[in-house]
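Just below is one structure, and these are the notes that go with it.
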Amino acid sequence: MSWASRATVGINQHYQRQQRDDRRRANHNEIERRRRDKINNWIHELNKIIPAEHMNSPSSETQNKQNNGGQGENLSKGGILAKACEYITRLKDTSDKLTECLAEKDQILLENLQLKESINQLLAENKRLQTQLQFALETNVKLESEHQQQQQQQQQDSAEPIQPLAELLLQQHQPHHLQQDHHHLHHQKQQQQQQQHHHLHHTSSQQKSAPQQSTIISQSQSCST
Numbered sequence: 001m002s003w004a005s006r007a008t009v010g011i012n013q014h015y016q017r018q019q020r021d022d023r024r025r026a027n028h029n030e031i032e033r034r035r036r037d038k039i040n041n042w043i044h045e046l047n048k049i050i051p052a053e054h055m056n057s058p059s060s061e062t063q064n065k066q067n068n069g070g071q072g073e074n075l076s077k078g079g080i081l082a083k084a085c086e087y088i089t090r091l092k093d094t095s096d097k098l099t100e101c102l103a104e105k106d107q108i109l110l111e112n113l114q115l116k117e118s119i120n121q122l123l124a125e126n127k128r129l130q131t132q133l134q135f136a137l138e139t140n141v142k143l144e145s146e147h148q149q150q151q152q153q154q155q156q157d158s159a160e161p162i163q164p165l166a167e168l169l170l171q172q173h174q175p176h177h178l179q180q181d182h183h184h185l186h187h188q189k190q191q192q193q194q195q196q197h198h199h200l201h202h203t204s205s206q207q208k209s210a211p212q213q214s215t216i217i218s219q220s221q222s223c224s225t
């Protein structure tokens, strides 16, 4: 092979390598461009998600000026990422506080349920005690009534021998001549009672014998005729 032929082959190989490198470079640039576009799109989405009041906070303006060389117009990519981190951190803190509040709420609900159960138990106990108290009051009234009736009966039973006992005590404390007079009056009273009884008996006997006598007289008259 001549020198010209070898030179032509070398040029062709170099050209092919250059084309291959250009294609690789172009592919790499395309991949890098797509990667940057994807990152830019996600940063843009973050910029839309972050609330405006958080983006306009003093720390956001300071970060924006630093990233834009003191031009506080629009947030740079770094500023958006920084504010996204701050916002996520704030959300995490809020979430932690809410989790604590929910735990406290669950504890309060549990205590409230326990209090309701205690109240129901106390109401049932109160009702039971009221029933016992009502029964005790009724029993007490009944016993008091029976006790009063027993006292009245005892007073009636004990009132009968009081008068003879009083007379006996009176006789024991009277003088001798008064006692004799009392005995004499008592004896006269007994005699009068006996006479009245005898008179009543005699009168009753006469009343019974009168019809018999009239019958005998009538029979004798009939015989004589």
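All letters in the sequence shown, in the order written, are residues 1 to 225 by full-length UniProt numbering.
Even for Gly, the Cβ is constructed at its ideal location relative to N, Cα and C.
Asked                                                                                              : Found
Residue from Gln154, Leu129, Glu30, Met55 with nearest C-alpha to Ile80                            : Met55
Between the CA atoms of Leu133 and Leu110 - distance to the nearest angstrom                       : 34 Å
Under the three-state DSSP convention, the category Ser95 falls into                               : helix
Proximal residues to Gln16 (C-beta, below 6 Å), its chain only, five neighbours per side dropped   : none
Reduced DSSP category for residue 227 - H, G, I as helix; E, B as strand; rest coil                : Here the chain has residues from 1 to 225 only, and residue 227 is not among them.
Buried or exposed by the 16-neighbour rule on C-beta atoms within 10 Å, applied to Leu75           : buried
Three-way DSSP call (helix, strand, coil) for Asn56 in this model                                  : coil
Exposure label - Lys83; buried when at least 16 CB within 10 Å                                     : buried
Cys85 versus Pro51: straight-line alpha-carbon distance, rounded                                   : 13 Å
Beta carbon of Lys77 nearer than 7 Å to that of Ile43                                              : yes
Residue environment, Gln13, which counts as buried when at least 16 other CB atoms sit within 10 Å : exposed
Backbone secondary structure at Ser158 - three-state DSSP                                          : helix
Arg20 in three-state terms, based on DSSP                                                          : helix
Straight-line gap, Glu30 to Lys38 (C-alpha atoms, nearest Å)                                       : 12 Å
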